[in-house]
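Notes for the one structure printed next.
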Amino acid sequence: MSPQRFRPRARAAGLPLASPALPGLAGVTSPTRRGFLAVAGGAVLSGCVSTAPDAHYPAKLVEINSGEAVRLVSVYRVQHGLNGLTQDGRLTEAARAQALAMAEIGRMSHDIAGQGTLPRRLERVGYDWGVSAENLGAGYPTLKAAFDGWVHSPKHNENLLRKGLTEMGIAAASSPSRYGTFWALILSSPRQMPEEEPNTVWWTQT
Numbered sequence: 001m002s003p004q005r006f007r008p009r010a011r012a013a014g015l016p017l018a019s020p021a022l023p024g025l026a027g028v029t030s031p032t033r034r035g036f037l038a039v040a041g042g043a044v045l046s047g048c049v050s051t052a053p054d055a056h057y058p059a060k061l062v063e064i065n066s067g068e069a070v071r072l073v074s075v076y077r078v079q080h081g082l083n084g085l086t087q088d089g090r091l092t093e094a095a096r097a098q099a100l101a102m103a104e105i106g107r108m109s110h111d112i113a114g115q116g117t118l119p120r121r122l123e124r125v126g127y128d129w130g131v132s133a134e135n136l137g138a139g140y141p142t143l144k145a146a147f148d149g150w151v152h153s154p155k156h157n158e159n160l161l162r163k164g165l166t167e168m169g170i171a172a173a174s175s176p177s178r179y180g181t182f183w184a185l186i187l188s189s190p191r192q193m194p195e196e197e198p199n200t201v202w203w204t205q206t
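Mapping to full-length UniProt numbering: the sequence shown position 102 is 102, numbers consecutive.
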């Protein structure tokens with residue numbers, strides 16, 4: 001399903017790591033590790049609160065060219081004076097789990113029951129992160145369409161061009177839900193100082 005059929009919506013939130021997702025709070029920064037999330041518009045109003053239980057759709061991973069994804073992101077970053085990225089298997093594993101989870105419930109979220117926030121998902125796959133970012137998307141039929149959507153969205157583009165990132169993982173999953181295909185892109189770098197003990201993250205959700 002083409003994202004052009006839906007009107008993008010946006011909103012932003014910045015939260016402490018242990019806080020529930022509440023809209024409209026000011027950003028919180030950590031002097032140690034920071035996480036940045038952006039949920040792609042074009043298909044879904046992100047951050048919606050509903051009392052209805054989530055639907056459950058049969059979902060499956062969509063085969064994508066991860067090498068081409070790394071090339072797209074890296075070339076774009078180099079064009080803007082930044083380093084390119086390499087693919088990391090743990091980040092790919094986390095992206096696959098997130099894409100599948102979203103496809104199963106038919107909506108985008110950075111904090112799905114059973115999956116948790118990005119920091120918790122990275123910890124689950126054994127990735128000790130220093131700086132981390134996540135872009136999500138739904139309704140984009142191809143990798144190039146999803147990438148172009150992120151590039152043309154200021155908050156997602158900010159994540160693509162964030163300094164300090166070195167690695168990435170990307171995945172897509174589909175289901176017979178309204179939005180069809182769901183995308184998860186995780187950009188990160190390993191923590192450099194093991195003694196760091198962060199207790200907050202900051203993110204942007206659009």
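Here a beta-carbon is modelled for each residue, glycine too, at the ideal position from N, C-alpha and C.
Residue j beta carbon less than 8 Å from that of residue i
i: G126; j: G137; result: no
i: I170; j: S74; result: no
i: A55; j: G139; result: no
i: residue 208; j: A173; result: What the structure shows of the chain is the stretch from 1 to 206, and residue 208 is not part of that stretch, so it cannot be assessed.
i: S188; j: L143; result: no
i: R77; j: G84; result: yes
i: R96; j: A133; result: no
Secondary structure of residue i, DSSP reduced to three states
i: G84; result: coil
i: A59; result: coil
i: A95; result: helix
i: M108; result: coil
i: S175; result: coil
i: G137; result: strand
i: S74; result: helix
i: A113; result: coil
i: G130; result: strand
i: L22; result: Low confidence applies here, because L22 scores a pLDDT of 21, under 50, leaving its location unreliable and the question unanswered by this model.
Spatial distance of residue i from residue j (CA atoms)
i: A21; j: Q115; result: Reliability of the predicted coordinates at A21 is poor, the pLDDT of 25 falling under 50, and the value obtained from them is presented with this limitation in mind. Answer to the nearest angstrom: the Cα atoms are 14 Å apart.
i: R191; j: A69; result: 24 Å
i: G164; j: A101; result: 28 Å
i: A94; j: V151; result: 22 Å
i: L118; j: P176; result: 25 Å
Reference residue i, options the options, closest by Cα
i: R178; options: E93, R121 and E104; result: E104
i: T86; options: Q98, L72, A97 and P176; result: L72
i: N135; options: A99, A113, R124 and W129; result: A99
i: G81; options: L160, M168 and T181; result: L160
i: M168; options: N157, E158 and I186; result: I186
Extent of the continuous beta strand (DSSP E) run through residue i
i: residue 235; result: Residue 235 lies beyond the range of the chain shown here (1 to 206); nothing can be said about it.
Limits of the unbroken alpha helix (DSSP H) element including residue i
i: K163; result: Neither: K163 is in no alpha helix (DSSP H) and is coded neither H nor E.
i: D148; result: L143 to V151
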